[in-house]
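A quick write-up on the structure given underneath.
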Amino acid sequence: MRWSKNTPPVLLRADMRPLYLAFGMIFVALGAVGAALPIIPTVPFLLLAVFCFARSNPALEQRILDHPTWGPQVKDWRERRAISRRSKVMAIGAMSVGAAFTWFSLGVPWVYVSLAILGISGTWIATRNE
């Protein structure tokens with residue numbers, strides 16, 4: 001295959017659209033599981049789904065963006081890289097509960113790993129725009 005300036009990048013070629021569509025569907029399914037289970041996040045999976053749908057099926061991308069519950073959070077992240085204060089508190093709280101659960105169930109050595117993850121990701125979440 002000859003490459004020229006007009007050749008699209010490999011990840012944007014038309015033959016990649018079914019792959020992006022499949023990954024988008026998988027991420028939507030994981031987001032739906034996250035909506036039902038408190039330990040799995042929802043919005044990060046929907047962000048990945050929107051990324052995939054933007055490259056494969058813009059109608060599905062728009063459906064997520066127009067969703068009354070999840071759409072505003074996805075739009076805030078896309079437009080301003082912002083996380084609402086309520087979402088920040090809930091995320092850091094859930095990670096704290098996970099660290100406590102780790103401590104009671106797996107013991108002290110694993111709690112250090114859990115606390116390190118909590119510290120790094122909690123700091124990252126707390127420093128995002130609101």
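Quick note on numbering: the working numbering labels position 38 of the sequence shown as 38, and the sequence is numbered without any gaps. All C-beta atoms in this analysis are idealised placements derived from N, C-alpha and C, irrespective of residue type, glycine included.
For residue i, the residue or residues it bridges with in DSSP
| i | result |
| --- | --- |
| methionine 82 | Correcting the residue type first, residue 82 is alanine in the shown sequence and not methionine. Beta-bridge pairing links alanine 82 to Asn129. |
Classification of residue i by the beta-carbon crowding that lies within 10 angstroms, buried from 16 upward
| i | result |
| --- | --- |
| methionine 95 | buried |
| glutamate 131 | The first residue shown for the chain is 1 and the last is 130, placing residue 131 beyond what the model contains. |
| tryptophan 110 | exposed |
| glycine 31 | buried |
| isoleucine 120 | exposed |
Contacting residues, own chain, Cβ-Cβ under 7 Å from residue i (five flanking each side not counted)
| i | result |
| --- | --- |
| serine 56 | Arg17, Tyr20, Leu21 and Gly24 |
| valine 33 | Ile40 |
| glycine 122 | Ile92 and Met95 |
| lysine 88 | Ile125 and Ala126 |
Neighbourhood of residue i by C-beta distance below 8 Å, restricted to the same chain and skipping five residues each side
| i | result |
| --- | --- |
| serine 114 | Gly98, Ala99, Thr102 and Trp103 |
| tryptophan 77 | Val43, Leu47 and Ile83 |
Same chain, Cβ closer than 6 Å to residue i, neighbours up to 5 away in sequence not counted
| i | result |
| --- | --- |
| isoleucine 83 | Arg128 |
| valine 28 | Ala49 |
Any contact of the stretch 32-46 with the stretch 73-80, i.e. 3+ C-beta pairs under 8 Å? yes
On the three-pair Cβ rule with 8 Å, is the stretch 50-69 touching the stretch 98-112? no
At which residue ranges does the stretch 4-63 contain complete alpha helix (DSSP H) runs of 4 or more residues, listed in the order of the chain? 17-36 and 43-56
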